[in-house]
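Protein chains in written order, with the working numbering: chain A, 6 to 362; chain B, 6 to 362. Each residue gets a CB set at the ideal place from its N, CA and C atoms; glycine is no exception. Report on the structure given below.
2 protein chains.
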Amino acid sequence: MLTPGATIGILGGGQLAQMLALAAATLGLRCHIFAPPGDHPAFAVAAARTEAAYDDAQALAAFAASVDVVTYEFENVPAGTAAILVDRVPVRPRPEALAITQDRWLEKSFIRDLGLPTPAFLPIDGFDMLEEGVATLGRPSVLKTRRMGYDGKGQVLIGPETDLRTAFAAIAAQPAILEAFVPFSREVSVVAARAADGSIAAFDLCENAHKHHILALTRVPAAVAGATAALASAMAGQIAARLDYVGVLAVELFVLETAAGETLLINEIAPRVHNSGHWTIEGADTSQFEQHMRAIAGWPLGSTARRGRIEMENLIGEDVARFARILGEPGAHLHLYGKGEARPGRKMGHVTRIFDD
Amino acid sequence: MLTPGATIGILGGGQLAQMLALAAATLGLRCHIFAPPGDHPAFAVAAARTEAAYDDAQALAAFAASVDVVTYEFENVPAGTAAILVDRVPVRPRPEALAITQDRWLEKSFIRDLGLPTPAFLPIDGFDMLEEGVATLGRPSVLKTRRMGYDGKGQVLIGPETDLRTAFAAIAAQPAILEAFVPFSREVSVVAARAADGSIAAFDLCENAHKHHILALTRVPAAVAGATAALASAMAGQIAARLDYVGVLAVELFVLETAAGETLLINEIAPRVHNSGHWTIEGADTSQFEQHMRAIAGWPLGSTARRGRIEMENLIGEDVARFARILGEPGAHLHLYGKGEARPGRKMGHVTRIFDD
Chain A
6 MLTPGATIGI LGGGQLAQML ALAAATLGLR CHIFAPPGDH PAFAVAAART
56 EAAYDDAQAL AAFAASVDVV TYEFENVPAG TAAILVDRVP VRPRPEALAI
106 TQDRWLEKSF IRDLGLPTPA FLPIDGFDML EEGVATLGRP SVLKTRRMGY
156 DGKGQVLIGP ETDLRTAFAA IAAQPAILEA FVPFSREVSV VAARAADGSI
206 AAFDLCENAH KHHILALTRV PAAVAGATAA LASAMAGQIA ARLDYVGVLA
256 VELFVLETAA GETLLINEIA PRVHNSGHWT IEGADTSQFE QHMRAIAGWP
306 LGSTARRGRI EMENLIGEDV ARFARILGEP GAHLHLYGKG EARPGRKMGH
356 VTRIFDD
Chain B
6 MLTPGATIGI LGGGQLAQML ALAAATLGLR CHIFAPPGDH PAFAVAAART
56 EAAYDDAQAL AAFAASVDVV TYEFENVPAG TAAILVDRVP VRPRPEALAI
106 TQDRWLEKSF IRDLGLPTPA FLPIDGFDML EEGVATLGRP SVLKTRRMGY
156 DGKGQVLIGP ETDLRTAFAA IAAQPAILEA FVPFSREVSV VAARAADGSI
206 AAFDLCENAH KHHILALTRV PAAVAGATAA LASAMAGQIA ARLDYVGVLA
256 VELFVLETAA GETLLINEIA PRVHNSGHWT IEGADTSQFE QHMRAIAGWP
306 LGSTARRGRI EMENLIGEDV ARFARILGEP GAHLHLYGKG EARPGRKMGH
356 VTRIFDD
């Protein structure tokens, strides 16, 4: 159990690291940000920074020596980085969670092996396997690289007319999986935390709308049956427990409407705080960022009680030009990440609106 | 009107500066902290720092050149410091508010000249004046230095038996005022903001309990009549308007129970965010820290709507040892300031508890 004044090391310097650092500061914890050279939002709110490549062993060793625990804001931390750190300092969540979630094949297999529902999937290690896979799963189906996919990157929809050679070339013939297309009615996510003592607390189920594969809007509570929400939460808890996870994680799921009612399929696991949990800053007793800090510090989890009905809107690219109008909107909570250029598709900030339940 | 990415200069590096910096970061603003050499809480959450004395003209000029607006966390900014800055960069609130509020004589005279009620007071510029003053105002009365008093420092109660020579020596024979003793029933405060366009917004009236002259507990709403609360709020607005103030200020008042009902007397003005406003972080739509940033950035003020009934408890000195118990208390919002040593009387953090109204 850390004491106030301890130093949290964070790999990554983006908005998730920034909001983690703000939560840490509120709890009397110091932050040391490790990120590649550049102008990162989290640098501006941290007590210390290391600007170095993620494979700089010397910089990683010095970083490890200067902090009490290491955490990260993204799942694509290289395995070698984690290995260097874990020998020197507690890394939370444990790197095994990274190894599984940064590879879609391992991730989906892990979910299936837990007995949890996921879309049908097959490994694709060459063009022949893609042809066979499409014959098995049918069209439409979705080809996804095993590694480094996010916000829709590294994905190709295989429709009725899609040429398979073109599709395979589009992902540069990388190791991949093929997934059955899921005609879902809603996308939802569970943001949950597991403490060092094994206790688990989930925030209320979020309903997510994407634009161009990037999260645009999160609504809480999700418009699903109470039993569906409880089941999603239980699944997230099962995943966290099996991973011996410490910290906040997010589980994204599809909701299908079937004759028997709502059915859930797990889409993916994010071993970190998550964009769909940003509403917790003002909308829950404890924010996901504070919750993550509590967990990795070995402290008890906070209450996840929600207040009101919530909408969190991402400000993407030029959306940020609306900041003055949002400031004038009574009760709207504006968050800007301090990024310079408002490039298309770049997450510049978000706004949370709370309505009476 | 500043745009996101602008830099806020803050004089002072304590917990108020820290919480201002956290609010600034959330709005996409950068902070540059100017404070004397030392380990200041705000340094750990700011993009830039200058460690220099407040009378270091060269450091002040460089600081002014690096920021878009300057503000401060405490009223005892030296006049010379303000003068150097104000020639180079907008200073908000304007230094005239400092000049008035850092001198009890000017402050009380300002309040009286506005036609607002304050305890009877007299200037004390020598021992003869003290003898005459006590003859006029009677015992008990309170001798207070004109300058540099806070948390009860620089004050002597003149009781029935107090030797006046001893009392005068206790404040080192400094220029002072003598105030009539006020048999108040409650101490309350208004935390309000005035925007650059002159609009004013006050948070709900706070009721404050002190221990050893240090704020121990703030309760919101204050247990006074609605008309009393409205009057206090209107007085704060009048003060802010007359000062042509931009930013958050706090007005501390005494409530007296008289035959005619509740009467208000203004005790003092703090030209800054205030300890009795810390509850607004979780308890109001907009925190006092964000409100101050909005005002000095030339942005519209945010909603001051309150949720629930609120108690804010200061963690003073060894109180901070209770942090783990507070973390385990459902719905309690813990704030620690990242200060090292828990010296007696030192404000180490606070906790905010919200109850259904």
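Worksheet item: Name the chain B residues whose beta carbon is nearer than 9 Å to that of H355 (chain A)?
Response: Here residue 355 (chain A) refers to the residue found at position 350 of the first sequence. Neighbours of H355 (chain A) on chain B: none; closest Cβ ~11 Å, over 9 Å.
Worksheet item: Could you give the distance in angstroms between the alpha-carbon of M298 (chain A) and the alpha-carbon of P98 (chain B)?
Response: Reading the first sequence from its first residue, position 293 is the one you call residue 298 (chain A). Reading the second sequence from its first residue, position 93 is the one you call residue 98 (chain B). Straight-line Cα distance between these residues: approximately 35 Å.
Worksheet item: Exposed or buried, which one is L220 (chain A) when buried takes at least 16 other CB atoms within 10 Å?
Response: As a working note, residue 220 (chain A) is residue 215 in the first sequence. Counting of Cβ neighbours within 10 angstroms places L220 (chain A) among the buried residues, the total reaching 16 or more.
Worksheet item: Since P349 (chain A) meets chain B, which of its residues come closer than 8 Å, beta carbon to beta carbon?
Response: Looking up residue 349 (chain A) in the first sequence gives position 344. Simply none; closest approach about 18 Å.
Discussion item. Within a Cβ cutoff of 7 Å, which residues of the same chain sit near W284 (chain A), ignoring the five residues on either side of it in sequence?
Written reply: Sequence index remark: in the first sequence, residue 284 (chain A) carries index 279 (1-based). Cβ within range, chain order: T223, V225, I315, M317, T357.
Discussion item. What does the alpha-carbon distance come out to for the pair A302 (chain A) and N272 (chain B)?
Written reply: As a first step, residue 302 (chain A) is located in the first sequence; it is residue number 297 there, counting from the start. As a first step, residue 272 (chain B) is located in the second sequence; it is residue number 267 there, counting from the start. Roughly 43 Å separates the two Cα atoms.
Practice prompt. Could you tell me whether the stretch 103-115 of chain A touches the stretch 37-48 of chain A, where touching means 3 or more Cβ pairs closer than 8 Å?
Written response: The answer is no - the stretch 37-48 of chain A does not touch the stretch 103-115 of chain A, with fewer than three Cβ pairs under 8 Å.
Item to complete: With DSSP collapsed to three states, give me the class of M6 (chain B).
Response: Mapped onto the second sequence, residue 6 (chain B) falls at position 1. Here M6 (chain B) sits in coil by DSSP.
Discussion item. To the nearest angstrom, how far is the alpha carbon of L119 (chain B) from that of I244 (chain B)?
Written reply: Residue numbering aside, residue 119 (chain B) sits at position 114 when the second sequence is read from its first letter. Residue numbering aside, residue 244 (chain B) sits at position 239 when the second sequence is read from its first letter. Counting only the Cα atoms, I244 (chain B) lies some 8 Å from L119 (chain B).
Worksheet item: The alpha helix (DSSP H) with E112 (chain A) in it runs from where to where?
Response: Walking along the first sequence from the start, residue 112 (chain A) turns up at place 107. Counting along the chain, the alpha helix (DSSP H) containing E112 (chain A) begins and ends at 109-118.
Worksheet item: Since P128 (chain B) sits in a beta bridge, which residues does DSSP pair it with?
Response: Numbered from its first residue, the second sequence carries residue 128 (chain B) at position 123. Residue pairing by DSSP places P128 (chain B) opposite B:I182 in a beta bridge.
Practice prompt. Just the C-alpha distance for S281 (chain A) and I321 (chain A), rounded to the nearest angstrom, thanks.
Written response: To locate residue 281 (chain A), count along the first sequence from 1; it is residue 276. To locate residue 321 (chain A), count along the first sequence from 1; it is residue 316. One alpha carbon belongs to S281 (chain A), the other to I321 (chain A), and they sit about 14 Å apart.
Discussion item. I'd like the ranges of any beta strand (DSSP E) spanning at least 3 consecutive residues and lying wholly in the stretch 21-58 of chain A.
Written reply: 35-40, 53-56, all fully within the stretch 21-58 of chain A.
Practice prompt. Closer than 7 Å by C-beta to S308 (chain A): which residues in its own chain qualify, once you throw out the five before and the five after it? Chain order, please.
Written response: Stepping through the first sequence from its first residue, residue 308 (chain A) is reached at position 303. Annotation for S308 (chain A): D290, T291 place their beta carbon closer than 7 Å to its own, counting only its chain and skipping 5 residues before and after.
Fill in: Cross-chain neighbours of V50 (chain B) in chain E, by beta carbon under 7 Å
Here the protein chains are A and B, and chain E is not one of them.
Discussion item. Please state whether the Cβ-Cβ distance between A200 (chain A) and V256 (chain A) is less than 8 Å.
Written reply: As a working note, residue 200 (chain A) is residue 195 in the first sequence. As a working note, residue 256 (chain A) is residue 251 in the first sequence. Going by C-beta atoms, A200 (chain A) is not nearer than 8 Å to V256 (chain A).
Worksheet item: DSSP on H338 (chain A), reduced to helix/strand/coil?
Response: Counting from one through the first sequence, the residue named residue 338 (chain A) turns up at place 333. In the structure shown, H338 (chain A) sits in a strand (DSSP, three-state: E or B).
Item to complete: Please confirm whether A67 (chain B) and I89 (chain B) have their CB atoms less than 8 Å apart.
Response: Along the second sequence, one-based indexing puts residue 67 (chain B) at 62. Along the second sequence, one-based indexing puts residue 89 (chain B) at 84. Taking a C-beta distance under 8 Å as the contact criterion, A67 (chain B) and I89 (chain B) do not qualify as a contact pair.
Item to complete: Name, going along the chain, the residues of the stretch 300-316 of chain B whose beta-carbon falls closer than 8 Å to a beta-carbon of chain A.
Response: Contact residues of the stretch 300-316 of chain B toward chain A are W304, P305, G307, S308, A310, R312 (C-beta to C-beta distance below 8 Å).
Item to complete: Specify the secondary structure class of F68 (chain A) as computed by DSSP and reduced to three states.
Response: Along the first sequence, read from residue 1 onward, the residue named residue 68 (chain A) stands at position 63. If DSSP states are grouped into helix, strand and coil, F68 (chain A) belongs with the helices.
Discussion item. How far does the alpha helix (DSSP H) with R330 (chain B) in it extend, from its first residue to its last?
Written reply: If you number the second sequence from 1, residue 330 (chain B) lands on position 325. From DSSP, the alpha helix (DSSP H) with R330 (chain B) extends over 328-332.
Worksheet item: If L135 (chain B) and F173 (chain B) are in contact, beta carbons under 8 Å, what's the gap, nearest whole angstrom?
Response: Residue mapping note: residue 135 (chain B) aligns to position 130 of the second sequence, counting from 1. Residue mapping note: residue 173 (chain B) aligns to position 168 of the second sequence, counting from 1. That pair is a contact at about 6 Å.
Worksheet item: With 8 Å set as the bound, which would you pick, yes or no: does the beta-carbon of H217 (chain B) sit closer than that to a beta-carbon of chain A?
Response: Position 212 of the second sequence, counting from 1, holds the residue named residue 217 (chain B). It does not; no Cβ of chain A falls within 8 Å.
Practice prompt. Counting only the same chain and skipping the five closest in sequence on each side, list residues whose C-beta sits under 7 Å from that of I176 (chain A).
Written response: Position 171 of the first sequence, counted from the start, is the residue given in the question as residue 176 (chain A). The beta carbon of I176 (chain A) lies closer than 7 Å to those of L148, T150, G159, V161 in the same chain, with the five residues before and after it left out.
Discussion item. My output table needs one value for I244 (chain A): the three-state DSSP class, helix, strand or coil.
Written reply: For this step, residue 244 (chain A) is matched to residue 239 along the first sequence. In the structure shown, the three-state DSSP call for I244 (chain A) is helix.
Item to complete: Scan the stretch 65-77 of chain A for residues whose Cβ lies nearer than 9 Å to a Cβ of chain B and list them as they occur along the chain.
Response: Taking 9 Å as the Cβ-Cβ cut-off against chain B, none of the residues of the stretch 65-77 of chain A qualify.
Practice prompt. Pick helix, strand or coil for F79 (chain B), following the three-state DSSP scheme.
Written response: Locating residue 79 (chain B) in the second sequence gives position 74, counting from the first residue. DSSP, read as helix, strand or coil, puts F79 (chain B) in coil.
Fill in: Whole beta strand (DSSP E) elements within the stretch 197-277 of chain B, 3-residue minimum
Every beta strand (DSSP E) of 3 residues or more that sits fully in the stretch 197-277 of chain B is shown, in chain order, as 205-207, 211-216, 219-225, 252-263, 266-275.
Practice prompt. Check each residue of the stretch 11-25 of chain A: if its Cβ is closer than 8 Å to any Cβ of chain B, include it; give the result in chain order.
Written response: Answer set for the stretch 11-25 of chain A: Q23.
Worksheet item: Does the distance from the C-beta atom of V91 (chain B) to that of G14 (chain B) stay below 8 Å?
Response: As a first step, residue 91 (chain B) is located in the second sequence; it is residue number 86 there, counting from the start. As a first step, residue 14 (chain B) is located in the second sequence; it is residue number 9 there, counting from the start. The answer is no: Cβ separation not under 8 Å.
Item to complete: Thinking L210 (chain A) and S238 (chain A) are a contact (beta carbons under 8 Å), I'd like their distance in whole angstroms, please.
Response: What you label residue 210 (chain A) is simply residue 205 of the first sequence in a count that begins at 1. What you label residue 238 (chain A) is simply residue 233 of the first sequence in a count that begins at 1. Between the beta-carbon of L210 (chain A) and that of S238 (chain A) there is about 7 Å, and that keeps the pair under the 8 Å contact cut.
Discussion item. A197 (chain A) and A241 (chain A) - do their beta-carbons sit closer together than 8 Å?
Written reply: Against the first sequence, residue 241 (chain A) aligns to sequence position 236. Against the first sequence, residue 197 (chain A) aligns to sequence position 192. Yes, these two residues count as a Cβ contact at 8 Å.
Fill in: Where S292 (chain A) sits in the DSSP three-state scheme
What you label residue 292 (chain A) is simply residue 287 of the first sequence in a count that begins at 1. Per DSSP, reduced to three states, the secondary structure at S292 (chain A) is coil, with no helix or strand assignment.
Discussion item. According to DSSP, simplified to helix, strand and coil, what is V325 (chain A)?
Written reply: Counting from 1 along the first sequence, the entry for residue 325 (chain A) is found at position 320. Reduced to three states, the DSSP call for V325 (chain A) is helix.
Fill in: N-terminal and C-terminal residue of the alpha helix (DSSP H) that G85 (chain A) is part of
Numbered from 1 along the first sequence, position 80 holds the residue referred to as residue 85 (chain A). Where G85 (chain A) is concerned, the enclosing alpha helix (DSSP H) starts and stops at 84-91.
Practice prompt. Give the straight-line distance between the Cα atoms of D44 (chain A) and A22 (chain A), rounded to the nearest whole angstrom.
Written response: Residue mapping note: residue 44 (chain A) aligns to position 39 of the first sequence, counting from 1. Residue mapping note: residue 22 (chain A) aligns to position 17 of the first sequence, counting from 1. A direct Cα-Cα distance of roughly 13 Å separates D44 (chain A) from A22 (chain A).
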